[in-house]
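Trainee: In the working numbering, each residue carries its 1-based index in the sequence shown increased by 216. Yeah, the Cβ is synthetic: ideal placement off N, Cα and C, and Gly gets one too. Structure provided below as structure tokens; questions to follow.
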Amino acid sequence: DFTGAAAQSAQRMAIETADARSKDDLAHVWVNAQSVVVQVEFDERLFSEATSAAAGVAVVQAAQAAAAKMRAKTDEFQAGLWQQVARFGVHPINEIDEFK
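Okay, structure coming up:
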């Protein structure tokens with residue numbers, strides 16, 4: 217039962233995305249579960265007046281914010297998974313020696 221539930225949870229997490237906007241609202245960026253940018257949109261009104269450097273900064277800001285959101289989702293997912301594992305009497309591995 218646990219293996220099936222873990223596999224389903226992992227599949228759901230794999231298709232998760234997170235999004236964020238730059239501080240100036242110029243760029244809106246989406247990242248996947250690995251925090252890789254998968255989509256970028258610009259506010260057309262702001263973009264027409266932006267320099268290429270400003271657009272680049274906006275994308276970086278938004279991508280970093282989206283990646284931070286994704287890390288939070290991943291941490292939450294892992295905590296939930298460890299709760300499920302704990303029900304079976306298994307504790308998280310904290311040290312590489314424990315793993316070996």
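1. DSSP on aspartate 291, reduced to helix/strand/coil?
2. Is the Cβ-Cβ distance between alanine 270 and phenylalanine 258 less than 7 Å?
3. Should glutamine 277 and serine 238 be called a contact, given that it needs their Cβ atoms to be closer than 7 Å?
4. According to DSSP, is arginine 303 part of a helix, a strand, or is it coil?
5. For the beta strand (DSSP E) containing glutamate 257, list its first residue and its last residue.
Mentor: On the basis of the supplied data:
1. Counting from 1 along the sequence shown, the entry for residue 291 is found at position 75. Note: aspartate 291 maps to helix in three-state DSSP.
2. By one-based count along the sequence shown, residue 270 stands at place 54. By one-based count along the sequence shown, residue 258 stands at place 42. No, they are not a contact pair.
3. As a position in the sequence shown, residue 277 is number 61, starting the count at 1. As a position in the sequence shown, residue 238 is number 22, starting the count at 1. Yes, Cβ-Cβ distance for glutamine 277 and serine 238 is below 7 Å.
4. Looking up residue 303 in the sequence shown gives position 87. In the structure shown, arginine 303 sits in coil (DSSP, three-state: anything other than H, G, I, E or B).
5. Position 41 of the sequence shown, counting from 1, holds the residue named residue 257. 253-258 is the span of the beta strand (DSSP E), which, as asked, contains glutamate 257.
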